[in-house]
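A.B. asks:
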Amino acid sequence: MTENEAIRILEDTTLCIPLGQAAFVGIEAIKKIQQYRAIGTAEECLEARKKQRGKKPKFINGGISVCLICGAKVLRYYNFCKDCRQAIDVGE
32 MTENEAIRIL
42 EDTTLCIPLG
52 QAAFVGIEAI
62 KKIQQYRAIG
72 TAEECLEARK
82 KQRGKKPKFI
92 NGGISVCLIC
102 GAKVLRYYNF
112 CKDCRQAIDV
122 GE
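Using the numbering used here, read the sequence shown as starting at 32 and increasing by one per residue.
1. If you count every other CB in all the chains shown that lies within 10 Å of the CB of Cys115, and 16 or more means buried, which is it?
2. Thinking C-alpha only, which one of Arg84, Asn92, Arg107 and Asn35 is nearest Gln117?
3. Which whole-angstrom value is the C-beta distance of Leu106 and Ile95, which I expect to be below 8 Å?
4. Suppose the cutoff is 8 Å on Cβ atoms and the five residues either side in sequence are ignored; what does the same chain contact list for Tyr108 look like?
5. DSSP three-state call for Leu77: helix, strand or coil?
6. What would DSSP say about Ala118, mapped onto helix, strand or coil?
7. So what does DSSP say about Leu99, is it helix, strand or coil?
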């Protein structure tokens with residue numbers, strides 16, 4: 032049985048009040064889980080969060096640096112890598 036089938040059955044069934052209230056709580060919990068799954072897994076969210084934290088690049092020459100994540104060349108004053116979208120800490 033899928034989550035959507037369970038929701039449909041619980042919503043369509045006439046139950047006594049306590050069981051009906053429990054079904055309502057269960058339906059809401061399943062819907063919330065479905066929303067979280069639509070966003071992504073916990074691992075995907077963690078990876079996205081890591082990319083939002085600025086990393087100091089490795090400066091090579093002049094105004095060019097190298098992204099420590101993917102190795103792409105990044106202009107010194109860019110605040111993210113154009114290839115992997117890693118945030119870059121451009122502070123001096």
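Glycine is no exception: its CB is placed at the ideal position from the N, C-alpha and C atoms.
C.D. replies: With the structure as the only source:
1. exposed
2. Arg84
3. 6 Å
4. Gly94 and Val121
5. helix
6. strand
7. coil
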